[in-house]
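To keep things clear, I will list the structure first and then write my remarks on it.
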Amino acid sequence: MTDEIDDELWDDDEDTQKDKYLTFHIAAEDYGLDIACITEIIGIQKITVVPNMPSFIKGVINLRGKVVPIMDIRCRFEIEEREYDERTCIIVADIKGTAVGLIVDQVNEVIDIPEERIEPPPESGGRSYSRYISGIGKVGEKVKILLDINTLLFDEEIEQLDDNDSKVSAP
Amino acid sequence: MADQENNEQLEIIHEFINETRDMINDLEPTIIGMEEMVGQDLDADDKETLNGVFRLFHSVKGGAGFLNFGHLVQCTHTAENLLDQLRNGELTLSSEHVDLLCQSCDFSKEALDYIEEHGDDSGITESADNLMTRFKEATSCPAEQTPEIPPRPDELIIDLETPARQLISAEDRQKFVHESSAIIKRIETNLNNSKNNKKTAAAAAEAILADISLFHENCHFLTFDELDKLTGIIMLVLENSKSHKTTLQRALNFIWELIEVFQESLDNILQHGMDNVYGLEMYLELFNNLLPPDAQVEIHCPPPTRLGEILIQEGIVKNEDIEQALSAQERPIGEILVDQGLASREQVNKAVKIQKKLRPMTGKSAVCSKIPKRQEIRVDLEKLDNLINLIGEIVIAENMVIHSPDLHNLELDNFNKAAGHLSKIVRELQEMAMVIRMLPISGLFRRMMRLVRDLSRKSGKKVELQLVGEDTEVDKTVIEKITDPLVHLIRNSLDHGIGTPEERAAAGKPESGVLRLEARHEEGEVQITITDDGRGMDKKRLIAKAVNKGLLEGDGSQLSDAEALQLIFKPGFSTAEQITDISGRGVGMDVVRKNLEEIKGRVDVISELGSGTTITLHIPLTLAIIDGMLIRVGDSRYIIPILSIRESFKPDSSAITITPDGRELVRVRNSLLPILRLHKIHNIEPDSRRFEDGILIILESREGNICLFVDELLGQQQTVIKSLSQYIGRQGEVSGVSGCTILSDGEVCLILDVQALVE
Chain A
1405 MTDEIDDELW
1415 DDDEDTQKDK
1425 YLTFHIAAED
1435 YGLDIACITE
1445 IIGIQKITVV
1455 PNMPSFIKGV
1465 INLRGKVVPI
1475 MDIRCRFEIE
1485 EREYDERTCI
1495 IVADIKGTAV
1505 GLIVDQVNEV
1515 IDIPEERIEP
1525 PPESGGRSYS
1535 RYISGIGKVG
1545 EKVKILLDIN
1555 TLLFDEEIEQ
1565 LDDNDSKVSA
1575 P
Chain B
4 MADQENNEQL
14 EIIHEFINET
24 RDMINDLEPT
34 IIGMEEMVGQ
44 DLDADDKETL
54 NGVFRLFHSV
64 KGGAGFLNFG
74 HLVQCTHTAE
84 NLLDQLRNGE
94 LTLSSEHVDL
104 LCQSCDFSKE
114 ALDYIEEHGD
124 DSGITESADN
134 LMTRFKEATS
144 CPAEQTPEIP
154 PRPDELIIDL
164 ETPARQLISA
174 EDRQKFVHES
184 SAIIKRIETN
194 LNNSKNNKKT
204 AAAAAEAILA
214 DISLFHENCH
224 FLTFDELDKL
234 TGIIMLVLEN
244 SKSHKTTLQR
254 ALNFIWELIE
264 VFQESLDNIL
274 QHGMDNVYGL
284 EMYLELFNNL
294 LPPDAQVEIH
304 CPPPTRLGEI
314 LIQEGIVKNE
324 DIEQALSAQE
334 RPIGEILVDQ
344 GLASREQVNK
354 AVKIQKKLRP
364 MTGKSAVCSK
374 IPKRQEIRVD
384 LEKLDNLINL
394 IGEIVIAENM
404 VIHSPDLHNL
414 ELDNFNKAAG
424 HLSKIVRELQ
434 EMAMVIRMLP
444 ISGLFRRMMR
454 LVRDLSRKSG
464 KKVELQLVGE
474 DTEVDKTVIE
484 KITDPLVHLI
494 RNSLDHGIGT
504 PEERAAAGKP
514 ESGVLRLEAR
524 HEEGEVQITI
534 TDDGRGMDKK
544 RLIAKAVNKG
554 LLEGDGSQLS
564 DAEALQLIFK
574 PGFSTAEQIT
584 DISGRGVGMD
594 VVRKNLEEIK
604 GRVDVISELG
614 SGTTITLHIP
624 LTLAIIDGML
634 IRVGDSRYII
644 PILSIRESFK
654 PDSSAITITP
664 DGRELVRVRN
674 SLLPILRLHK
684 IHNIEPDSRR
694 FEDGILIILE
704 SREGNICLFV
714 DELLGQQQTV
724 IKSLSQYIGR
734 QGEVSGVSGC
744 TILSDGEVCL
754 ILDVQALVE
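Note that the protein sequences, when read in sequence, are chains A and B. FYI, the numbering for the first sequence is 1405 to 1575, going by my numbering. FYI, the numbering for the second sequence is 4 to 762, going by my numbering.
Below is the structure:
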């Protein structure tokens, strides 16, 4: 179903997906992801643990016969883990044919953030955190941290982030 | 509109490519089989073989001509010429000819590849020219110019399904016209004779009848319908009028007049490919009148192909009735007539039969129906995999429905009955899905025939290839994966194994070596053995070579025979003194092992110095499914391939030994096996850490046996293997896990890689 809808959107007008971001909540902050890469949102379900994985890869789930790896964004950002609850969601993203699920605390809504309302990510003295951020979107009084899905998923140089760095993303 | 036409064109081309590839694949073994005929007189069977090859080339040519692939037409045409000369005895078959025909196949394949990519074959002029030159050198008569692509009669455009068989090549037509002219000349002479000498009229009529029937046969074969009909009726008349001098005389007079008509028609064929006979109906009528009334035939041109017309002709119904029925036609006309009581069921059925008989003559070529064709349909592999995935989903969904917690404690007789039925169908569906992907291994073996032939010619060695178990069915992916290994192994056998005829004679063996390729199902796997009766491998030399190349530490004296033979799989290992273009670079066996490991198979080597080598490939039946044992540790479940499990048992505490360095061993009969705690490896909380509470499973592998400690065995089940996402692979080495599967409750479950666990 979702594939069909995506195709339709794609065929009709590429612009309909432009500037649209799915916003979600982790810890105290709101984040946003470009909706072009998102295929669906599902509730949390039992995850099968895969050995020898980095801590932020929680394992795999079965999504209608497809085996989808799951990343916990809290762990990726080294935010303290918490119990999953009924609001915990898995956002399934599709990057060049690879489906990956992202665990977030809560999914909010899809909003428009025009380009001129987005500021470049803060310079953080070259340290690692800001590379996951594509920009800071301003919606009214609030701020959404826009994530770069590619570096989030495929950046393999995982560095130890110390506390100072993690605060950069939450100014 | 233009787009659509374009698409249709592409589709036709695609179809053509696929069909032709199949044809060529069928062709190659036959061509190689022709080798046996070299230097011998051809008997009827051999001629039939030649004809078969000829027909296939001809079909390819027809299709290529239709689609305007000039080079392909040229190539197949030249091959046809060669075959024609062989057939007529103008040339004696030699190995060079077989080579040439093989090369034509190669060229055709190349052309097809090119066409697939670029849509035409104009870019391969060079190889086409090469091939032509070689043909010219080999055949006494130089390759002719490409025949003009025959103009296509209109009907061909409508009938796209069998373009290859529909076409009659210009060459065939020329031959036909040429022959027919000769026949007509003969008829003319005979007619003259009969006029001059009334006494010999009967004999002349006999001769004319013979010639006319020959002409008739030819026309019929090439589907020149009008001439076919005309000559047909003339034959009838001549046959019937043998005893009536006057009718015979009249008939001969008519034929006299027809000579010109025939010639005109032949001219038409030459120019337009059509056999239009002007005034056909009149002539048919003339001859028909000469027949006795009971032998007269219905003449309608074109022959009736509509059911109504046939029924009218048979005098079963009247024209008005048909028209009435037609005006209300929504169903087949036959049914309407039966319903209205105008014709009986039998009468209509009979007419339908006549209709069927008539149809192939007017429309599609009758030739094509003579070739029995396997009923098959080409499907994109991806679609098939999707289907199989979906069927997997159905199995899971079905389980979810039937074991739904909502149904718990309910009395549901009807539901259970229906659910049982559903389960049965789903199982069947699943089995079908598994079979779909299986292909007989014969295609792969056939390719090897060609390889063996080429290699043996190149190296001057004589080899007899024996194929056994060609119809063994294997998963398509497996076939793809073992193609390369098989090629390497055969090359090795020919290059290193089987010696030259002189060498073999000196060793007291027959000059011609035997290479045996055998496939069979055994022990839940497919085994392919390659056996040669060649030199065999010298273990001492293998070890020396390995030490020499630095692939082995020490002097290798501690190696067992089997271990020494395993050395050949090391990358960079080659015992060949010189690198030939067949083998010797030392990559081959490495590839064999790597490919086999990818499909979870293994290679065994047995070799006896002086008497030959046997290499066995052990391959799982399919990559998609294995028999698995479901086990549990704490909350986690795992699948272990049944093939790796030797036995399982509840250990007795007295059988367990703990070494001073903390290693746990268990005594099983006479051996001590190390124990691996699965919960430790995967970091799970088990039910119990005491061996007495859980169960030990003995796992077998090449590297040795171990015991795996788990909480519980849950049961055996068919396991559909899925790969863990690529993304997981990027994140780190998943050791000890070969893939995953989805259990009946929808949960993902890891499949343990026994080999890796043991290591």
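Beta carbons: idealized from backbone N, C-alpha and C, even for Gly.
- Less than 7 angstroms separates the beta-carbon of L545 of chain B from that of A567 of chain B.
- Residue contact with chain B for P1525 of chain A: absent (no Cβ-Cβ distance below 7 angstroms to any residue of chain B).
- From the beta-carbon of N392 of chain B, the residues of chain A found nearer than 7 angstroms are G1469.
- For N1512 of chain A, the enclosing beta strand (DSSP E) begins and ends at 1510-1516.
- Looking only at B:N243, B:N221, B:H61, the smallest Cα-Cα distance to E83 of chain B is reached by B:H61.
- In the structure shown, E1444 of chain A adopts extended strand secondary structure according to DSSP, grouped into three states.
- Collapsing the DSSP output to three states places I659 of chain B in a strand.
- A direct Cα-Cα distance of roughly 21 angstroms separates K1422 of chain A from L1557 of chain A.
- Residue pairing by DSSP leaves I724 of chain B without any beta bridge partner.
- In summary, the residues of the region 1483-1510 of chain A whose CB is separated from some CB of chain B by less than 8 angstroms are T1502, A1503, V1504, in the order they occur in the chain.
- Assigned with DSSP and collapsed to three states, F652 of chain B falls in strand.
- If you draw a straight line from the Cα of I1494 of chain A to the Cα of I118 of chain B, it comes to about 47 angstroms.
- Residue state for N708 of chain B is assigned as strand, using DSSP reduced to three classes.
- Cβ proximity to chain A below 8 angstroms picks out S738, G739, V740, C743, I745, G749, E750, V751, C752, L753 from the region 738-758 of chain B.
- Take G122 of chain B, set aside five residues on each side of it, and the residues of its chain with a beta-carbon closer than 8 angstroms to its own are L13, I16, in chain order.
- Sixteen is the threshold: since fewer than 16 other Cβ atoms of the shown chains lie within 10 Å of the Cβ of I380 of chain B, the residue is exposed.
- Neighbourhood of K1450 of chain A in chain B, by CB distance below 7 angstroms: E750, in chain order.
- Using beta-carbon distances, Q729 of chain B counts as an interface residue toward chain A, with a partner under 7 angstroms.
- Beta bridge pairing from DSSP links V240 of chain B with no other residue.
- Taken atom to atom, the span from the alpha-carbon of V429 of chain B to that of I1451 of chain A is near 27 angstroms.
- Note that the C-beta distance between V481 of chain B and I602 of chain B is below 7 angstroms.
- Inter-segment contact for the region 592-612 of chain B and the region 715-723 of chain B is absent: fewer than three beta-carbon pairs are separated by less than 8 angstroms.
- Runs of the alpha helix (DSSP H) lying entirely within the region 224-271 of chain B and spanning at least 4 residues, in chain order: 228-243.
- Between M632 of chain B and T660 of chain B, the alpha-carbon positions lie close to 27 angstroms from each other.
- In this structure, D214 of chain B lies away from I237 of chain B, with their beta-carbon atoms at least 7 angstroms apart.
- Within chain A, the residues whose beta carbon sits less than 7 angstroms from that of Q734 of chain B are M1457, P1458, I1461, listed in sequence order.
- Under the Cβ criterion of 7 angstroms, H682 of chain B is not counted among the residues facing chain A.
- For E119 of chain B, no Cβ of chain A is located within less than 7 angstroms of the residue's own Cβ.
- The CB of N417 of chain B never comes closer than 7 angstroms to any CB in chain A; the least such distance is about 29 angstroms.
- T616 of chain B sits in a strand when the DSSP states are folded into three classes.
- At least one C-beta of chain A is nearer than 7 angstroms to the C-beta of H685 of chain B.
- Rounded to the nearest angstrom, the gap between the Cα atoms of G739 of chain B and V1454 of chain A is 10 angstroms.
- The straight-line gap separating the alpha-carbon atoms of H685 of chain B and R635 of chain B is approximately 12 angstroms.
- Annotation for L273 of chain B: V180 place their beta carbon closer than 6 angstroms to its own, counting only its chain and skipping 5 residues before and after.
- Taking the C-beta atoms as reference points, I501 of chain B is found nearer than 7 angstroms to V466 of chain B.
- For Q530 of chain B, no alpha helix (DSSP H) segment is defined; the enclosing uninterrupted segment is the beta strand (DSSP E) at 528-535.
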